[in-house]
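Numbering (the working numbering), first residue to last: 1 to 129.
C-beta: ideal position from N, C-alpha, C; glycine also.
As the structure is a computational prediction, the values presented were derived from the model and not from experiment.
Please read the structure below before turning to the comments.
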(Lines of atoms letter the chains of each structure in order from A and count residues from 1; the text may use other names and numbers.)
(Lines give C-alpha, C1' and ligand atoms only; values in the text may rest on other atoms or scores of the structure.)
Protein backbone atom coordinates (compact mmCIF):
# COMPACT_ATOMS: atom_id res chain seq x y z
CA UNK A 1 0.00 0.00 0.00
CA UNK A 2 1.39 3.36 -0.92
CA UNK A 3 1.08 6.55 1.10
CA UNK A 4 -1.56 8.00 -1.23
CA UNK A 5 -3.86 5.00 -0.62
CA UNK A 6 -3.78 5.30 3.18
CA UNK A 7 -6.88 6.66 4.87
CA UNK A 8 -6.22 9.33 7.43
CA UNK A 9 -7.77 8.71 10.89
CA UNK A 10 -9.80 11.90 10.42
CA UNK A 11 -11.26 10.66 7.11
CA UNK A 12 -12.47 7.33 8.47
CA UNK A 13 -16.24 6.90 8.63
CA UNK A 14 -17.97 6.86 12.00
CA UNK A 15 -19.44 3.66 13.30
CA UNK A 16 -22.91 3.27 11.82
CA UNK A 17 -24.52 2.99 15.25
CA UNK A 18 -23.59 6.61 16.01
CA UNK A 19 -25.63 7.78 13.04
CA UNK A 20 -28.75 5.70 13.71
CA UNK A 21 -28.75 5.41 17.51
CA UNK A 22 -31.73 6.87 19.36
CA UNK A 23 -31.35 7.47 23.11
CA UNK A 24 -33.93 5.83 25.36
CA UNK A 25 -35.67 7.30 28.38
CA UNK A 26 -33.89 4.91 30.75
CA UNK A 27 -30.52 5.86 29.29
CA UNK A 28 -31.27 9.55 29.79
CA UNK A 29 -32.33 8.86 33.39
CA UNK A 30 -29.06 7.02 34.00
CA UNK A 31 -27.07 9.94 32.60
CA UNK A 32 -29.11 12.38 34.71
CA UNK A 33 -28.36 10.28 37.80
CA UNK A 34 -24.64 10.70 37.21
CA UNK A 35 -24.93 14.42 36.46
CA UNK A 36 -27.13 14.96 39.51
CA UNK A 37 -24.48 13.36 41.71
CA UNK A 38 -21.88 15.83 40.48
CA UNK A 39 -24.24 18.79 40.92
CA UNK A 40 -25.13 17.66 44.44
CA UNK A 41 -21.45 17.43 45.31
CA UNK A 42 -20.74 21.01 44.29
CA UNK A 43 -24.09 22.31 45.52
CA UNK A 44 -23.39 20.97 48.98
CA UNK A 45 -20.81 23.75 49.32
CA UNK A 46 -23.66 26.28 49.07
CA UNK A 47 -25.45 24.50 51.90
CA UNK A 48 -22.22 24.57 53.86
CA UNK A 49 -21.92 28.33 53.21
CA UNK A 50 -25.42 28.80 54.59
CA UNK A 51 -24.52 26.84 57.75
CA UNK A 52 -21.30 28.80 58.18
CA UNK A 53 -23.20 32.08 57.80
CA UNK A 54 -25.31 31.06 60.79
CA UNK A 55 -22.16 30.46 62.82
CA UNK A 56 -20.52 33.74 61.77
CA UNK A 57 -23.41 35.88 62.90
CA UNK A 58 -26.77 37.43 62.18
CA UNK A 59 -25.46 40.00 59.69
CA UNK A 60 -23.87 37.38 57.45
CA UNK A 61 -26.94 35.18 57.72
CA UNK A 62 -29.22 38.07 56.71
CA UNK A 63 -26.94 38.92 53.79
CA UNK A 64 -27.08 35.35 52.52
CA UNK A 65 -30.86 35.24 52.98
CA UNK A 66 -31.15 38.43 50.91
CA UNK A 67 -29.11 36.75 48.21
CA UNK A 68 -31.46 33.76 48.32
CA UNK A 69 -34.45 36.08 47.80
CA UNK A 70 -33.50 36.79 44.15
CA UNK A 71 -35.73 35.01 41.64
CA UNK A 72 -32.85 33.43 39.75
CA UNK A 73 -31.47 32.00 43.00
CA UNK A 74 -34.92 30.65 43.93
CA UNK A 75 -35.14 28.94 40.54
CA UNK A 76 -31.68 27.45 41.08
CA UNK A 77 -32.70 26.22 44.55
CA UNK A 78 -35.89 24.72 43.11
CA UNK A 79 -33.83 22.86 40.50
CA UNK A 80 -31.34 21.81 43.18
CA UNK A 81 -34.24 20.35 45.19
CA UNK A 82 -35.44 18.44 42.14
CA UNK A 83 -31.89 17.20 41.51
CA UNK A 84 -31.69 16.01 45.13
CA UNK A 85 -34.90 14.00 44.85
CA UNK A 86 -34.01 12.71 41.40
CA UNK A 87 -30.71 11.40 42.74
CA UNK A 88 -32.40 9.98 45.86
CA UNK A 89 -35.00 8.00 43.91
CA UNK A 90 -32.41 6.99 41.31
CA UNK A 91 -30.32 5.61 44.17
CA UNK A 92 -33.30 3.62 45.43
CA UNK A 93 -33.73 2.26 41.90
CA UNK A 94 -30.07 1.18 41.90
CA UNK A 95 -30.53 -0.38 45.35
CA UNK A 96 -33.42 -2.45 43.97
CA UNK A 97 -31.14 -3.60 41.17
CA UNK A 98 -28.44 -4.47 43.73
CA UNK A 99 -30.87 -6.98 45.24
CA UNK A 100 -31.02 -8.74 41.87
CA UNK A 101 -34.57 -7.61 41.10
CA UNK A 102 -36.06 -5.34 38.48
CA UNK A 103 -34.01 -6.31 35.43
CA UNK A 104 -36.96 -7.10 33.17
CA UNK A 105 -37.26 -4.49 30.40
CA UNK A 106 -40.76 -3.40 31.44
CA UNK A 107 -39.64 -3.07 35.07
CA UNK A 108 -36.58 -1.03 34.11
CA UNK A 109 -38.76 1.40 32.14
CA UNK A 110 -41.36 1.50 34.94
CA UNK A 111 -38.73 2.26 37.60
CA UNK A 112 -37.24 5.04 35.46
CA UNK A 113 -40.65 6.65 35.03
CA UNK A 114 -41.38 6.33 38.76
CA UNK A 115 -38.07 8.01 39.52
CA UNK A 116 -39.00 10.97 37.32
CA UNK A 117 -42.55 11.22 38.69
CA UNK A 118 -41.65 10.84 42.38
CA UNK A 119 -38.79 13.34 42.13
CA UNK A 120 -41.09 15.94 40.59
CA UNK A 121 -43.90 15.33 43.11
CA UNK A 122 -41.47 15.44 46.05
CA UNK A 123 -39.98 18.72 44.83
CA UNK A 124 -43.42 20.28 44.47
CA UNK A 125 -44.39 19.11 47.97
CA UNK A 126 -41.25 20.62 49.50
CA UNK A 127 -41.67 23.94 47.74
CA UNK A 128 -45.42 24.46 47.82
CA UNK A 129 -46.77 22.64 50.88
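Whose CA, out of the options, lies closest to the CA of residue i?
i, options, result
"residue 29", "128, 109 and 125", "109"
"residue 90", "22, 58 and 117", "117"
"residue 35", "129, 103 and 79", "79"
"residue 75", "20, 21 and 127", "127"
"residue 132", "105, 41 and 56", "The chain is shown from 1 up to 129; residue 132 falls before or after that span and cannot be answered."
Where does residue i sit, in a helix, a strand or coil, going by DSSP?
i, result
"residue 21", "coil"
"residue 30", "helix"
"residue 129", "coil"
"residue 109", "helix"
"residue 103", "coil"
By the DSSP assignment, the alpha helix (DSSP H) with residue i in it spans what residues?
i, result
"residue 99", "From DSSP, residue 99 is part of no alpha helix (DSSP H); its letter is neither H nor E."
"residue 68", "58 to 68"
Do residue j and residue i have their beta-carbon atoms positioned less than 8 Å apart in this structure?
i, j, result
"residue 115", "residue 93", "yes"
"residue 82", "residue 120", "yes"
"residue 68", "residue 77", "yes"
"residue 102", "residue 88", "no"
"residue 64", "residue 50", "yes"
"residue 72", "residue 61", "no"
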